[in-house]
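Using the working numbering, you'd call the opening residue of the sequence shown number 1457 and step up by one each time.
Written out below as structure tokens is the structure these notes cover.
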Amino acid sequence: MNKKTVKDIDVKGKKVLVRCDFNVPLKDGKITDNTRITAALPTIKYLMENGAKVILCSHLGRPKGEVKLEFSLKPVADELARLLNTDVKFATDIVGESAKEVTSSLNDGEVALLENVRFDSREEKNDDTLSTELASLCDGIYVNDAFGTAHRAHSSTEGVSHHVNEAVAGFLMEKEITFLNGTLEHPEKPFAAILGGAKVSDKIGVIENLLKKVDEILIGGGMAYTFLKAKGYEIGNSLCEEDKIEEAKTIMKKAEEAGVKLVLPVDTAVAPVQTEVDDTLDKKAKQKAFFDFLENSEEKVVDSDKIEAGWQGCDIGPRTAEVFAKELEGKKTILWNGPLGICEIAKFSVGTEKVAEAIANIECTSIVGGGDSVAAIKKLGLEDKFTHISTGGGASLELLEGKALPGLVCLSDK
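Listed below in structure tokens is the structure:
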């Protein structure tokens, strides 16, 4: 990576603004997974140990420019204090009186956390006044360690870099870029990619970029049914992007021409279609009702070309899990992004878990991204069996597409 990192600058006695990705899941005000917090610790500890006055900022959820206490970063401040075994001062605003008071009173090696940057409507607009105000809190040093939001050009991820003397990467950002870019540019062959998730449209750019680099692509999850339909198969009421069928055909043709093996599910775990939907419910409530329905629904496994009307694909079947595991044997590099089934439901997370176990037993460079894939690995206690677990969803995808990330481009070159 040709960008400066925190190791390239002198931070002693300086107020340093650090953009982290503390967008953690909360339930009843409690953090249910602190992975993104622990991922930021190496950078925070380095700055503390080298005498910086550390000012952390992040977003959490989608408060849409309004102060909504359910998205407050106070639980994150408490968790950081526990993990760092030190007091973490918390500002109740972003660039207001509390932020100014808290940051100006920091001593060398101390840490403060600002309130959720997305409580300010200017953040997502990359408003220059907010960028300037954020920069005024520090002594001209900005560190971006939020890989998960590096694909967003917001005030705290990109704008602030133009108002400081030094804009550098944190250790997490450096690690993510090194692994993802390094793997794509110089992969040890044979190289296989596994792609899942709901939509083909989210992954078209990724697939087209990977076709130039990989030997094999395995496709599962909801996106597989658009490819199966493109092959003329009966997919019942499975998720399908009708407007992407022609693109799926083109991708399959390009893969054949490039000599890249493209593997689709041979069998599928299916459930009946939910026929009664309460239209008075909001989006979140409808999703919960859908998951409740699937939880209690009938389940069977059928061939992937014989899904009947009234049934929907929810996971790769057991034969597919075996096929995928067999295809991955002997691979030296494996890149995995996205779940292979509806992992919110235990009985439809089996395929994802089987593939996770298969990769864990292969001696290779293994890189995984996507919340549900990562969750499956953690549930099975296999984190140590993977070379790199990425913290970025959208950022990982855009990097895999070959796109430039605004939160990286804005940092100082070495």
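Cβ coordinates follow ideal geometry from the N, Cα and C atoms, glycine included.
Cα-Cα separation between residue i and residue j, rounded to whole angstroms
| i | j | result |
| --- | --- | --- |
| A1860 | E1854 | 8 Å |
| I1818 | V1656 | 28 Å |
| I1663 | H1610 | 27 Å |
| F1603 | H1618 | 18 Å |
| G1678 | K1740 | 19 Å |
| L1590 | E1697 | 42 Å |
| I1691 | L1516 | 38 Å |
| Q1683 | D1761 | For the sequence presented, residue 1683 should be read as Phe rather than Gln. Cα-Cα distance, rounded: 11 Å. |
| T1724 | I1833 | 21 Å |
| M1504 | E1566 | 6 Å |
| D1738 | T1789 | 42 Å |
| L1674 | V1624 | 36 Å |
| D1658 | D1564 | 44 Å |
| F1635 | L1593 | 32 Å |
| K1530 | A1711 | 49 Å |
| E1732 | I1763 | 21 Å |
| S1514 | S1612 | 8 Å |
| T1542 | T1491 | 19 Å |
| L1718 | D1840 | 29 Å |
| Q1730 | G1827 | 25 Å |
| G1485 | A1781 | 39 Å |
| L1497 | C1476 | 10 Å |
| E1580 | E1755 | 43 Å |
| A1765 | I1650 | 28 Å |
| A1777 | L1791 | 16 Å |
| L1586 | L1570 | 14 Å |
| T1548 | S1554 | 6 Å |
| P1519 | N1479 | 12 Å |
Assigned secondary structure, residue i (DSSP; H/G/I helix, E/B strand, else coil)
| i | result |
| --- | --- |
| D1738 | coil |
| H1515 | coil |
| K1581 | helix |
| Q1730 | coil |
| F1804 | helix |
| R1431 | This structure cannot speak to residue 1431, because the chain is shown only from 1457 to 1870. |
| L1867 | coil |
| I1707 | helix |
| F1842 | coil |
| F1746 | helix |
| T1690 | A small fix is needed here, since residue 1690 is Glu in this sequence, not Thr. The answer is strand: DSSP assigns E1690 an E or B state. |
| L1636 | helix |
| L1613 | Strictly speaking, residue 1613 in this sequence is Thr, with Leu absent from that position. The answer is coil: DSSP assigns T1613 none of H, G, I, E or B. |
| V1670 | coil |
| F1603 | helix |
| R1440 | This structure cannot settle anything about residue 1440, because the visible part of the chain is limited to 1457 through 1870. |
| A1725 | strand |
| R1818 | Sequence inspection shows Ile at residue 1818; the Arg mentioned does not correspond to that position. Here I1818 sits in coil by DSSP. |
| K1655 | coil |
| I1763 | strand |
| L1482 | strand |
| I1798 | coil |
heavy atom of the ligand PLP below 7 Å from residue i C-beta
| i | result |
| --- | --- |
| I1845 | You won't find the ligand PLP in this model; it holds no ligand whatsoever. |
Distance CB(residue i)-CB(residue j) smaller than 8 Å
| i | j | result |
| --- | --- | --- |
| A1812 | L1836 | yes |
| K1463 | I1597 | no |
| L1562 | K1501 | no |
| E1614 | C1866 | yes |
| P1728 | A1680 | no |
| T1461 | T1639 | no |
| R1608 | G1521 | no |
| K1545 | V1532 | no |
| I1801 | F1842 | no |
| P1795 | G1652 | yes |
| A1648 | K1787 | yes |
| N1572 | F1527 | yes |
| A1686 | G1848 | no |
| F1749 | D1771 | no |
| I1487 | L1536 | no |
Residue i: first and last residue of the uninterrupted alpha helix (DSSP H) it sits in
| i | result |
| --- | --- |
| N1665 | I1660 to L1666 |
| N1793 | That residue, N1793, is in no alpha helix (DSSP H); its beta strand (DSSP E) goes T1789 to N1793. |
| K1835 | G1827 to K1835 |
| E1622 | No alpha helix (DSSP H) contains E1622, which is instead part of the beta strand (DSSP E) from E1622 to A1625. |
| A1680 | A1680 to A1686 |
| L1855 | G1850 to L1856 |
Extent of the continuous beta strand (DSSP E) to which residue i belongs
| i | result |
| --- | --- |
| S1598 | Reading the sequence as shown, one finds Tyr at residue 1598 and not Ser. Here the beta strand (DSSP E) through Y1598 covers I1597 to N1600. |
| E1467 | Note that residue 1467 is Val in the sequence shown, not Glu. It is not in any beta strand (DSSP E) - V1467 carries neither H nor E in the DSSP assignment. |
| V1757 | K1756 to D1759 |
| V1719 | K1717 to V1719 |
| A1649 | F1647 to L1651 |
Closer than 8 Å to chain D by CB, residue i
| i | result |
| --- | --- |
| A1741 | Looking for chain D here will not work: only one protein chain is present. |
Within the stretch 1484–1572, note down every full beta strand (DSSP E) run reaching 3 residues or more, in order along the chain. 1509–1513, 1544–1546 and 1567–1569
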